[in-house]
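In this note's numbering, the protein residues as written are 817 to 1047.
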């Protein structure tokens, strides 16, 4: 990495870290990952209690994704990526990722992964959002992806998806959860900080032909579950 690029990476990483350390920083409520506290009635999925929720004027519930959901998951991904990464990932690189990771075959394979949990939030037949969690090779959990349609953000959907993943990971004895986020995505960092995630490391990865700088955050599953249930 060239010296100028290293300086820029360090500057951006420090800016993101400052936002993590500012306890008074209020959670930002305007991006794909934000979720309000939902109110709902209990149901049961995978032997764990989940809830049907009402967010604003929309009632929804979270359940495990099925193969029938694959086309809708792809549509949600395409719409949310355009909004979430409009200023950070070039359109042609967004398209590469969407074609590779959100093609029907790729999503079907993701549903078959061992030690992986894929959830959707639905209103009737409409998929409003989705999230995937997995058990890594080191035995820790990871939030791989979570997206909610822009029109249905700030309705508790992101939080409900996160709660489903926490329950699934806890059921198999996972004690720690990791997530990666762009260093420039301060709203997403604030969201994770709100639920107890803290800095673990900084690294870079290519998205298409573009080098993207990332922070990996971590939290204990116990702390995450407590934050979700007592908010």
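A virtual CB, placed ideally from N, CA and C, is assigned to each residue, including glycine.
Note that the structure is predicted; figures quoted are calculated from it, not measured.
For residue 982, the enclosing alpha helix (DSSP H) has its first and last residue at 973-987. When DSSP states are grouped into helix, strand and coil, residue 895 belongs to the helix group.
Within the stretch 919-974, the complete alpha helix (DSSP H) segments at least 4 residues long are 920-928, listed from N- to C-terminus.
In this structure, residue 918 lies away from residue 947, with their beta-carbon atoms at least 8 Å apart.
Around the beta carbon of residue 928, fewer than 16 other beta carbons sit within 10 angstroms, so the residue counts as exposed. Note on geometry: alpha-carbon atoms of residue 881 and residue 935 lie some 5 Å from one another. In the three-state scheme derived from DSSP, where H, G and I count as helix and E and B as strand, residue 1022 is classed as strand. Taking residue 990 as the centre and dropping the five residues before and after it, the same chain places the C-beta of 951, 955, 956, 957, 1037 closer than 8 Å to its C-beta, in chain order.
Nearest to residue 998 by alpha-carbon distance, out of 1040, 899, 904, is 904.
Boundaries for residue 999: no alpha helix (DSSP H) harbours it, and the DSSP string shows neither H nor E there. Pairing residue 1015 with residue 1031 gives a Cβ-Cβ distance under 8 Å.
Taking C-beta separations shorter than 8 Å and ignoring five residues to either side along the sequence, the partners of residue 926 in its chain run 932, 934, 948, following chain order. The shortest C-alpha to C-alpha distance from residue 984 to any of 930, 1007, 1005 is the one to 930.
Rounded to the nearest angstrom, the Cβ distance from residue 937 to residue 976 is 6 Å, consistent with a contact under 8 Å. Judged by DSSP in its simplified three-state form, residue 877 adopts strand. Burial state of residue 982 is buried, judged by a 10 Å Cβ sphere holding 16 or more other Cβ atoms. Close CB contacts of residue 885 within its chain, under the 7 Å cut and outside five residues either way in sequence, are with 936, 943 (chain order). Taking each of 1042, 969, 940, 973 in turn and checking the Cα distance to residue 986, the smallest one comes out for 1042. Ranked by Cα distance from residue 878, the options 1012, 964, 914, 993 are led by 964. Where residue 908 is concerned, the enclosing alpha helix (DSSP H) starts and stops at 907-917.
Looking at the DSSP output, residue 886 bridges to nothing.
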